[in-house]
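S.K.: Quick mapping for you: the protein sequence lines, in order, are chains A and B.
Counting in this note's numbering, the first sequence runs from 1 upward without gaps.
Counting in this note's numbering, the second sequence runs from 203 upward without gaps.
Don't be surprised by glycine CBs; every beta carbon is placed ideally from N, CA and C.
Keep in mind the model is a prediction, meaning the values are calculated, not measured.
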Amino acid sequence: MGEGMRRLITLFCAAFALASALAARAPETAGAPSDLRLPDLDNHLVDPFQTAPGAKAIVFLFVSVECPISNRYAPEMRRVHDAFAPRGVAFRLVYPNPAESPAMIRAHVKDYNLPGGALRDPKQALATFAQATITPEAAIYDVLNRRVYLGRIDDRYVSLGLERPAATRHDLQDALVATLAGTRVSAPTAPAVGCYIADFAR
Amino acid sequence: MASRTETQALVSVALLLTCSSAHAQPLTFNKDIAPIVFARCAPCHRAGEIGPFSLLSYDDVKQRATLIADVTARGVMPPWKPAPGGEPFADARSLRADELKRLQDWIRQGAAEGDPRDLPPAPPALTSGGGWPLGTPDLIVQMDQEFTLAAGGADVFRTFVMPIPTTAARYVRAIEFRPGNARAVHHANIGVDRTRSSRRLDERDPEPGYAGGMARDAVYPPGYMLGWTPGQRPRPSPDGMAWRLERDSDLVAELHLQPTGKPEPVQASVGFYFTDRAPVRAPVGLRLGSETIDIAPGDGRYMVTDSYVVPVDVELLAIQPHAHNLAREMEADATLPDQSTRRLIRIADWDFRWQDVYRYERAVALPKGTTIRMRFSYDNSEGNPRNPSRPPTRVVWGQNTSDEMGDLWLQIVAREASDHALLNADVESKRAAEDLAAYTKLLTHDPGNPLRHDAVAMLYLQSGRAAEAAAALRESLALNPESAPAHYNLGLALSMQRQFEQAQVAFQEAVRLAPDHAEAYNNLGAMLHLFGRLEEAAGQYRRAAALRPDNAEAQNNLARVLVQQGRPTEAVDHFRRALALKDDFASAMSGLAWIRATSAAPLQDAAEAVRLAERADALTGHRDAAVLDALAAAYANAGSFDRATATASLALRAAESARLLNLAAEIRDRLALYRQGRAFQAPR
């Protein structure tokens, strides 16, 4: 209760400062669902939208243990995390495949040096809410818990089997810069390339 | 009436539909899909192999069903680039049309598991569990240290050098590459380096291996294409077509490494499978393409085309297209003398990462006069996602991945063994001409670099253009007068122009600058030998042999001096040593045959003389005057005077056309003897 309160207070300040920018756009989602709870790696149910005081945005990174493209993005996820976590962005790893146990996920986070706390999403409740369909895929929510970006981390993968030597657009990073600046994310969605979350449904 | 017929027709259609749906059992994994997945996917998609996840169970496949539907529909998986419709390849990994349809239908129907009793046994592992598919190798070499591939970043191209501990030359019937860490190694090109160039590059790089591609001295065994791509089964060479591995060589593996997201240890190894059987057929590596590629930025349709007319009847065994990131489409076909065409390969969407050596299921017969054509297209525009430069820049030919290449390698073998020498020379001269064009282009950009002059000179030497080679070497020596290799090569170029006195000076300069240069002593000996200074020549040959005990040429030359000095018993010993080092050495065979045919007992041996001379004659394509002369002497010695006369006539014609006038005169005298039914006897 106290946590949520403090975040609201921060929110008021931010909203005040950015009043003109915020007033110009309609919310894309009507905030977080109050009843959404996901198990963490100790099987405690937690509110995925709950953040530390002062958080200005939250990024969900949908990943899976055995998806090669998702794994290849581990260093890039780490880089974005290290650049934006100090600026008030919270990161959550979300594992939507029910076949991936807490022990597998712990080993995965360690082996790949992945950033942020890990949550399991065995019924794809958060994936469905965020409309994420792929691992790896990123969803950014702003201080009002409105989704401001959904899609790829960058454009290195054009499609399955077609890869650029290096990314030419850093969509997640650009969206975070815009979100922190309080300006509109220029491309609020971009197709992600990787493994299909729908396949994980039981 | 009409209306009743329509009704009947409708009823029958409805019945048909009912019948067909009654027949269509829903597809199940265990019955319909597992056989496809086990055969086409699981060889790579299992623990320890390159596939990043296993596909060995229903759960494995079900939790990736949409992914599988997507990648198979678009032909991304299984990774097999050649389009169907050409000459068929062995070990094709693509799905047949009916297999693809069954897989797609199953996924659309909801991907049911089915009856467990229908499930076939899982396929045996290709390499998992430490096994080598061809059995325990005769020799295994391994990277001496692990290389650690970083978690992220661009793909890494790195070359590793592994000394091969052999004490004698061996015939290799197969090699098998083991990536060590299949998930990080995307493919390997494999060469053999008899020099120490690759080791020197390795020593200069502090980490295991060195950054970049193979050195020019690391080459395929002549006529073979060695490499590894995931999922490829090792294939022994066809019977009688082993390749010769010289002793003390280095195996060089250029690895394409793909970061996986976490640091990966890489320690590749290669197993060798030897045979005692010397090859009876030698393949030739024909290269088509361009080494003067120069693509303007933004050019979306740059073409490389080339063609080659085969000079003798050949069989095509394998094909390997090679290019880097900008190539898009590749095609090659053969137009036979009867104007029919065979498609040799077509790749509609080239992907550097899935390059392969493609072996034909059956050898493709290409008669003399067949034209082989190739055409590669390149896209250096911004619209090509694989373009490594943004914005696009000018791209020229080169080995680095930011450069481009356009090679089409064909492994061909002459139908008749006697055509091999001619085919090989023709293919070599085509390759040398293209190399020369490339290196001349590089030289014009870097004229102050003596190494550029050396490179051009070497190519002139290989194509027999001695005067141009000598000119380039003099340019090189003007820039770097203390280069022993340049003096040595100048000696070679001058001796090819029959400027033997000047050549002797050049070889002397080479041994002065490099006192351990065995080949230079050998060639210095050869000049003295030509001047008739036999004792001095023998001394130089002995120094060459002492420095390099495996130098077959020095042994052969020494034996020839000894023959001239009237010491045939010692000569036999050195010819034998030459043949022990190089068992297809035609010159040593014919030298030994000559002694066996023309000496008195106990050196005389008619049967061995004929056997050796016939083999030497086959190896030289029935057109070497000295070898034909020895064969004629062997026939005469064995009492076959008709054959001796016929062979000596051929020898005479060959000697005359090569303007070997002294030899021609001697053969004429011997021919007269054979016509009288008399053998030739060496003067005692």
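Roughly how many angstroms separate the alpha carbons of residue 811 (chain B) and residue 342 (chain B), rounded to a whole number?
M.R.: As a first step, residue 811 (chain B) is located in the second sequence; it is residue number 609 there, counting from the start. As a first step, residue 342 (chain B) is located in the second sequence; it is residue number 140 there, counting from the start. Taking the straight line from one Cα to the other gives about 40 angstroms.
S.K.: Ordered along the chain, which non-local residues of its own chain (more than five positions away) have a Cβ less than 6 angstroms from that of residue 881 (chain B)?
M.R.: Position 679 of the second sequence, counted from the first residue, corresponds to residue 881 (chain B). Hits under 6 angstroms: 838 and 839.
S.K.: Where does residue 121 (chain A) sit, in a helix, a strand or coil, going by DSSP?
M.R.: Reading the first sequence from its first residue, position 121 is the one you call residue 121 (chain A). Residue 121 (chain A): coil per DSSP, three-state reduction.
S.K.: If you drop the 5 nearest sequence neighbours on each side, which residues of the same chain put their C-beta closer than 7 angstroms to that of residue 369 (chain B)?
M.R.: As a position in the second sequence, residue 369 (chain B) is number 167, starting the count at 1. Counting only Cβ-Cβ distances below 7 angstroms, and skipping sequence neighbours, we find 449.
S.K.: Taking a Cβ distance cut-off of 8 angstroms, strictly less, list which residues of the stretch 107–140 of chain A are near chain B, in chain order.
M.R.: Those would be 111, 112 and 113, in chain order.
S.K.: Determine the direct distance from the alpha carbon of residue 396 (chain B) to that of residue 785 (chain B), and round the result to whole angstroms.
M.R.: For the purposes of this step, residue 785 (chain B) is identified with residue 583 of the second sequence, where counting begins at 1. For the purposes of this step, residue 396 (chain B) is identified with residue 194 of the second sequence, where counting begins at 1. Approximately 18 angstroms, taken between the alpha carbons.
S.K.: By Cβ distance below 8 angstroms, which residues in the same chain neighbour residue 699 (chain B) in space, the five residues on each side in sequence not counted?
M.R.: For the purposes of this step, residue 699 (chain B) is taken as the residue at position 497 of the second sequence. Around residue 699 (chain B): 668, 669 and 672.
S.K.: Could you check whether the Cβ of residue 602 (chain B) sits closer than 8 angstroms to any Cβ belonging to chain A?
M.R.: Counting from one through the second sequence, the residue named residue 602 (chain B) turns up at place 400. Not one chain A Cβ lies under 8 angstroms of residue 602 (chain B).
S.K.: Would residue 443 (chain B) pass as a contact of residue 483 (chain B) if the rule is Cβ separation under 8 angstroms?
M.R.: Taking the first residue of the second sequence as 1, we reach residue 443 (chain B) at position 241. Taking the first residue of the second sequence as 1, we reach residue 483 (chain B) at position 281. For residue 443 (chain B) and residue 483 (chain B), yes; Cβs fall inside 8 angstroms.
S.K.: Ordered along the chain, which non-local residues of its own chain (more than five positions away) have a Cβ less than 7 angstroms from that of residue 70 (chain A)?
M.R.: The count along the first sequence starts at 1 and reaches residue 70 (chain A) at position 70. Excluding residues within five positions, the ones whose Cβ falls inside 7 angstroms are 63, 64, 135, 136, 194 and 195.
S.K.: List, in order along the chain, the chain A residues whose C-beta lies closer than 7 angstroms to that of residue 278 (chain B)?
M.R.: As a working mapping, residue 278 (chain B) is identified with position 76 in the second sequence. The answer, in chain order, is 160 and 161.
S.K.: Residue 23 (chain A) by DSSP, collapsed to three states: which one?
M.R.: Walking along the first sequence from the start, residue 23 (chain A) turns up at place 23. With a pLDDT of 31 at residue 23 (chain A), under the threshold of 50, the modelled position of that residue is not reliable, and the figure given next carries that caveat. Three-state result, residue 23 (chain A): helix.
S.K.: In the DSSP assignment, what residue or residues form a beta bridge with residue 391 (chain B)?
M.R.: As a working note, residue 391 (chain B) is residue 189 in the second sequence. In DSSP, residue 391 (chain B) forms a bridge with B:429 and B:456.
S.K.: Spell out whether any CB of chain A is found under 8 angstroms from the CB atom of residue 462 (chain B).
M.R.: Working through the second sequence from its first residue, we reach residue 462 (chain B) at position 260. Closer than 8 angstroms: yes.
S.K.: Whose CA, out of B:475, B:398, B:290 and B:420, lies closest to the CA of residue 338 (chain B)?
M.R.: Working through the second sequence from its first residue, we reach residue 338 (chain B) at position 136. Comparing Cα positions, the closest option is B:475.
S.K.: Given 8 angstroms as the limit, is there contact between the stretch 367–382 of chain B and the stretch 547–555 of chain B, that is, 3 or more CB pairs closer than that?
M.R.: Short answer: they don't touch.
S.K.: Considering Cα atoms alone, identify which of B:791, B:271, B:692 and B:312 is closest to residue 663 (chain B).
M.R.: Residue 663 (chain B) sits at position 461 when you count from the first residue of the second sequence. Nearest of B:791, B:271, B:692 and B:312 to residue 663 (chain B), Cα basis: B:692.
S.K.: Looking only at its chain, what residues have a beta carbon closer than 6 angstroms to the beta carbon of residue 522 (chain B), apart from the 5 residues adjacent to it on each side?
M.R.: Against the second sequence, residue 522 (chain B) aligns to sequence position 320. For residue 522 (chain B), where only same-chain residues beyond five positions count, the Cβ hits under 6 angstroms are 427, 559 and 611.
S.K.: Looking at residue 325 (chain B) and residue 255 (chain B), is the spacing between their C-beta atoms short of 8 angstroms?
M.R.: Locating residue 255 (chain B) in the second sequence gives position 53, where the first residue counts as 1. Locating residue 325 (chain B) in the second sequence gives position 123, where the first residue counts as 1. Taking 8 angstroms as the Cβ cut-off, residue 255 (chain B) and residue 325 (chain B) do not qualify as a contacting pair.
S.K.: If contact means a Cβ-Cβ distance below 8 angstroms, which residues of the stretch 173–199 of chain A contact chain B?
M.R.: Hits within the stretch, in order: 195, 196, 198 and 199.
S.K.: Can residue 139 (chain A) and residue 84 (chain A) be called in contact, C-beta distance under 8 angstroms?
M.R.: Stepping through the first sequence from its first residue, residue 139 (chain A) is reached at position 139. Stepping through the first sequence from its first residue, residue 84 (chain A) is reached at position 84. Result no, Cβ atoms of residue 139 (chain A) and residue 84 (chain A) do not sit closer than 8 angstroms.
S.K.: Would residue 590 (chain B) pass as an interface residue toward chain A - the criterion being a Cβ-Cβ separation below 8 angstroms?
M.R.: Translated into positions along the second sequence, residue 590 (chain B) becomes position 388. Yes - at least one Cβ of chain A is within 8 angstroms of the one on residue 590 (chain B).
S.K.: For the stretch 584–591 of chain B against the stretch 789–804 of chain B, do three or more pairs of beta-carbon atoms, one drawn from each stretch, fall closer than 8 angstroms, so that the two count as touching?
M.R.: Not touching, per the Cβ criterion.
S.K.: Who are the neighbours of residue 146 (chain A) on chain B, taking C-beta pairs under 8 angstroms?
M.R.: Here residue 146 (chain A) refers to the residue found at position 146 of the first sequence. Simply none; closest approach about 29 angstroms.
S.K.: Are residue 403 (chain B) and residue 513 (chain B) close, meaning C-beta to C-beta below 8 angstroms?
M.R.: Taking the second sequence and counting its residues from 1, one reaches residue 403 (chain B) at position 201. Taking the second sequence and counting its residues from 1, one reaches residue 513 (chain B) at position 311. Against a cut-off of 8 angstroms, the Cβ pair of residue 513 (chain B) and residue 403 (chain B) comes out as no contact.
S.K.: Could you tell me the boundaries of the alpha helix (DSSP H) in which residue 81 (chain A) lies?
M.R.: Taking the first sequence and counting its residues from 1, one reaches residue 81 (chain A) at position 81. Element bounds for residue 81 (chain A): 74–84.
S.K.: Quick one: does residue 73 (chain A) have its CB under 8 angstroms from some CB of chain B?
M.R.: Position 73 of the first sequence, counted from the start, is the residue given in the question as residue 73 (chain A). It does: the Cβ of residue 73 (chain A) has a partner Cβ on chain B nearer than 8 angstroms.
S.K.: Which partner residues of residue 520 (chain B) appear in the DSSP bridge assignment?
M.R.: Numbered from its first residue, the second sequence carries residue 520 (chain B) at position 318. Looking at the DSSP assignment, residue 520 (chain B) forms a beta bridge with B:561 and B:613.
S.K.: What three-state label does DSSP hand residue 569 (chain B) in the structure shown?
M.R.: Taking the second sequence and counting its residues from 1, the one referred to as residue 569 (chain B) is at position 367. Coil.
S.K.: Tell me whether residue 557 (chain B) is buried or exposed, calling it buried when 16 or more other Cβ atoms sit within 10 Å of its Cβ.
M.R.: The residue given as residue 557 (chain B) occupies position 355 in the second sequence. With 16 or more other Cβ atoms within 10 Å, it is buried.
S.K.: Could you tell me the alpha carbon to alpha carbon distance between residue 46 (chain A) and residue 387 (chain B), rounded to whole angstroms?
M.R.: Within the first sequence, numbered from 1, the residue matching residue 46 (chain A) stands at position 46. Within the second sequence, numbered from 1, the residue matching residue 387 (chain B) stands at position 185. One C-alpha to the other measures close to 40 angstroms.
S.K.: Could you tell me which residues DSSP pairs with residue 59 (chain A) in its beta bridges?
M.R.: Walking along the first sequence from the start, residue 59 (chain A) turns up at place 59. A:91 and A:140, per the DSSP bridge assignment.
S.K.: 8 angstroms is my cut-off, CB to CB: does residue 273 (chain B) come that close to chain A?
M.R.: Residue 273 (chain B) sits at position 71 when you count from the first residue of the second sequence. Answer yes: the Cβ-Cβ gap between residue 273 (chain B) and chain A drops below 8 angstroms somewhere.
S.K.: Considering only residues of the same chain and omitting the five flanking positions on each side of residue 187 (chain A), which have a CB-CB separation below 7 angstroms?
M.R.: In the first sequence, counting from the first residue as 1, residue 187 (chain A) sits at position 187. Only 171 meet the Cβ criterion.
S.K.: Closer than 7 angstroms: is that where the CB of residue 682 (chain B) sits relative to any heavy atom of the ligand FAD?
M.R.: As far as ligands go, the structure on display features none, and thus does not contain the ligand FAD.
S.K.: Residue 43 (chain A) CB to nearest chain B CB: under 8 angstroms?
M.R.: As a first step, residue 43 (chain A) is located in the first sequence; it is residue number 43 there, counting from the start. Not one chain B Cβ lies under 8 angstroms of residue 43 (chain A).
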